[in-house]
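Scroll down for the structure; my scribbles are underneath it.
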Amino acid sequence: MATYLQWRRFVFFDKELVKEPQGNDGAAPGAAPASGPAASKFLCLPPGITVCDSGRGSLVFGDMEGQIWFLPRSLQLTGFQAYKLRVTHLYQLKQHNILASVGEDEEGINPLVKIWNLEKRDGGNPLCTRIFPAIPGTEPTVVSCLTVHENLNFMAIGFTDGSVTLNKGDITRDRHSKTQILHKGNYPVTGLAFRQAGKTTHLFVVTTENVQSYIVSGKDYPRVELDTHGCGLRCSALSDPSQDLQFIVAGDECVYLYQPDERGPCFAFEGHKLITHWFRGYLVIVSRDRKVSPKSEFTSRDSQSSDKQILNIYDLCNKFIAYSAVFEDVVDVLAEWGSLYVLTRDGRVHALQEKDTQTKLEMLFKKNLFEMAINLAKSQHLDSDGLAQIFMQYGDHLYSKGNHDGAVQQYIRSVWRTIGKLEPSYVIRKFLDAQRIHNLTAYLQTLHRQSLANADHTTLLLNCYTKLKDSSKLEEFIKTKSESEVHFDVETAIKVLRQAGYYSHALYLAENHAHHEWYLKIQLEDIKNYQEALRYIGKLPFEQAESNMKRYGKILMHHIPEQTTQLLKGLCTDYRPSLEGRGDREAPGCRANSEEFIPIFANNPRELKAFLEHMSEVQPDSPQGIYDTLLELRLQNWAHEEDPQVKEKLHAEAISLLKSGRFCDVFDKALVLCQMHDFQDGVLYLYEQGKLFQQIMHYHMQHEQYRQVVAVCERHGEQEPSLWEQALSYFARKEEDCKEYVAAVLKHIESKNLMPPLLVVQTLAHNSTATLSVIRDYLVQKLQKQSQQIAQDELRVRRYREETTRIRQEIQELKASPKIFQKTKCSICNSALELPSVHFLCGHSFHQHCFESYSESDADCPTCLPENRKVMDMIRAQEQKRDLHDQFQHQLKCSNDSFSVIADYFGRGVFNKLTLLTDPPTARLTASPEAGLQRDLLMHARRGT
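When you read off a place in the sequence shown, starting at 1, and then add 204, the result is the number in the working numbering.
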């Protein structure tokens, strides 16, 4: 039970009398004349008001004359005659413009219920849609209370004999409504209220002695007895959703709140209650101090003498009295247009206007009631900025009083409740100045929990932990269960912990949050735990493992070369992270570029050799750099080895690698490596593979290996005949007895006709040991072949001369004698020749249609054309060569750089073939007339008939 004796009182409402609107000179109908000029300024209601209600933008009154009055916001009072005698009860619906009233049209106890549709008119008055007697039976009784459900399907009427009737159905129509007695009791019914919860409708019924509820949305109307305490008339109300729609019963000693199935909290508000009302989260109670029993109030209300009455407005959520004032003889309290209106017996209307939230908060601030201000701001749904301001002021107040612990709690509340609207630096500076490191730590922790901390806040918090040496708090801060629970910048935390020497904590963060680079930095640079760093790299995904091995491979290779080499072998062949039994080991692995890791082995040749040999065996398609490096490494080992057996083994390995076919595209590089290390067998092999026969020859010549010189000529002389000429020149320069080798060379030169005899003689003339007997056989054979050639040439000349003479005779005949065409068949189809036909001087004849089908031009014989074309091509080629020679000579004479001209023609292939002319001058002289004769013959042969 909460007592109100300790509740603070405030003036959160402004009180004023409602004034008449300007221009309203007349008083209300039936009102007493005002006395004095000031009296007309205030609104005065008609006398005899017995019942009031409000809703739909108007205050509604019923009087003893049977009239119903409406007071809209314009304060223009209007009314109509609703009953002949009096109006006893009114209920204005809030969601519909429907008014339910109870009154009397005749003497006696016969109350009538009338339903008014205020939107429709009947002769200027609201339309009455339904009239029916309130008493269901024949026994007379007085109506004590009335309530209507907002869905217009339920209406309940309470009576002084303890009975309650329920109208179920459309209350605006007789046809669709059914009335039945819901409740019978021995005590007068003093209050009714409907409560809707989902699809369930409850009806609260309160008498002078008890409280109960019914479920009226079903068929059996189950009843629940809630309490054995009742209340007087107009001392019950239904709260709004802020109080969970609880039913409020105001007794003389306590105020009780009820749910449909149980009693809720109660408040010890003493005093005899006269009126209870609920207004926007406030409980409004009008009471007087002297004790008067509810029964006497119910039965003899009119006989009570005028008395001072107290109106209290309670805030049940925040536990304070928002307003308290004394009135004389209150008729009722109404709520409309966002304000409370208190009607007194003298016809005056007092308006209670609630102050705005900021004004109320300022009143609380002046009294340092910050906690109450916070609660009020929350209940008034103040925005986060407003709440942040209250927390800040509250914290500042406590800080100024020296209560640092309390102040930091308020600042923390500002973080939790207002989503960080308060600038953290404002609070941090206060506690840095005061050296309140514990308070600062608590505030920074809250910032991180709310994910409002930046990197500087994280740094400051971790420094606080380290200065306090609070390892448990530090571990609690960094060891979160999941990534979503991390409320700080992990990288910043790692830096601070590393700097402070908390390596294990820094490693924990780096490992759990995948900051691999920081983890490896700490392990390698601070802890020097190379084994653990290598194990960690082996667990990483491929891309990260590759990048970290490139970054830290040299350090690891220096300290743990064997383990590092093993990891690199796996990384470059078939890498799968070592997940300690977890993961899919059957998934295809990844492979790094092994050539990129060679620099890691700069100071570890033994491990480098093992790595390179492993890559060449397991992965034959390794990059070329692997094989280049392996060759260089083997050549180095071979060059520096002194043990003959080991040197022979290394020699075999190097030759085997060269013969593997991996150096075709990098021939020059392999050759340079072999030459650098004086690996002659490798050089000779590469010369042979690169077809560098001249170099092979020169090598053997330098080493005076005569037999190998001849062998090279025999193997490669077909591909490069000049080798024999070089061999002959080489042996000719030797003063030693080389007759055997000279004879072998001359034999091949003679068989292939590689050199003129005179050149051979001139070459061997330089050798003092070479006698005529060495070249005698060669010269004899050569002279015999030349004699044979001369005889063949003379025979060919005679034949050409005879042919020339014959052709000249034919030409002369064609010039001087007529040509008779005697062909009888076509030279193409071999059919009998018919007109029209085509004849050529060469003797061929054709059908005209055959000629047109097969000929390429009208002037050429189709049969002779291929042969004539060959001759013409030869003539044109000779003319072009002659022109090319003249042009070359001209450019050579005029150019400043003769070598560039020669190089240009050499590149165009002009000097590709060298022909040695050994014919006598007479033969060359006779060729020119013959060429002219052939040209003339062709020119005449192309003429047709």
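For each residue, glycine too, the CB sits at the ideal point set by N, CA and C.
Contact annotation, K477 with D448: C-beta distance approximately 22 Å; criterion of less than 8 Å not satisfied. Here the alpha carbon of K863 sits roughly 11 Å from the alpha carbon of A874. For the 7 Å CB-CB criterion, I361 and A338 form a contact. Burial is judged here by how many other beta carbons sit within 10 angstroms of a residue's own beta carbon; I1024 has fewer than 16 and is exposed.
For the pair H601 and A611, the Cα-to-Cα distance works out to about 8 Å. When the beta-carbon positions are compared, L775 and A796 come within less than 7 Å of each other. Between A286 and I272 a beta carbon distance of about 4 Å is seen, short of the 8 Å cut, so the two are scored as contacting. Here A401 is bridged, per DSSP, to T404. Residue range 720-725 is occupied by the alpha helix (DSSP H) that includes W722.
C1030 is not a Cβ neighbour of L1039, given a cutoff of 7 Å.
Using a C-beta cut-off of 8 Å, the region 847-854 makes no contact with the region 816-826, since fewer than three inter-stretch Cβ pairs fall below that distance. Counted as a single uninterrupted DSSP element, the alpha helix (DSSP H) harbouring K743 occupies residues 734-743. Beyond the five residues adjoining it in sequence on each side, K318 comes within less than 6 Å, by CB distance, of S305, C332, I335 in the same chain, given in chain order.
Taking the Cα of F483 as reference, the smallest distance to any Cα among I1106, E998, G259, Q748 is reached at G259.
Rounded to whole angstroms, the gap between the alpha carbons of Q992 and H952 is 20 Å. Per DSSP, F746 is one residue of the alpha helix (DSSP H) stretching across 746-763. Taking all protein chains in view, the Cβ of R438 is crowded by 16 or more other Cβ atoms within 10 Å, so the residue is classified as buried. Here the alpha carbons of G485 and L544 stand approximately 13 Å from one another. Residues H720 of the same chain have their beta carbon placed closer than 7 Å to that of Q748, with the five preceding and five following residues left out of the count. G266 sits buried, since 16 or more C-beta atoms from the chains shown fall within 10 Å of its C-beta. In the same chain as P781, and ignoring 5 residues on each side of it, the C-beta atoms closer than 8 Å to its own belong to G742, K743, L744, P745, F746, A749, G787, in chain order.
Here DSSP, grouped into helix, strand and coil, assigns A796 to coil. Relative to A814, the option among S1049, P765, E540, A856 whose CA is nearest is P765.
S305 is bridged by DSSP to L294, K318. The Cβ-Cβ distance between E811 and T777 does not fall below 7 Å. Nearest in C-alpha terms to D431, of all of F408, K423, E924, is F408.
Taking a C-beta distance under 7 Å as the contact criterion, V291 and G307 qualify as a contact pair. Taking the Cα of E354 as reference, the smallest distance to any Cα among V255, Q400, P392 is reached at Q400.
The region 534-551 makes no contact with the region 560-571, as fewer than three CB pairs between them are under 8 Å. Straight-line spacing of the CA atoms in Q899 and Q884 works out to 12 Å. Taken through DSSP and simplified to helix, strand or coil, M1076 comes out as helix.
Judged by DSSP in its simplified three-state form, I313 adopts coil rather than helix or strand.
Burial is judged here by how many other beta carbons sit within 10 angstroms of a residue's own beta carbon; R702 has at least 16 and is buried.
Nearest neighbour of E575 by Cα position, chosen from R755, D309, N522, P344, turns out to be N522. Only buried fits V352, as 16 or more other CB atoms lie within 10 angstroms of its CB. Fully enclosed beta strand (DSSP E) runs of no fewer than 3 residues are not present anywhere in the region 821-896.
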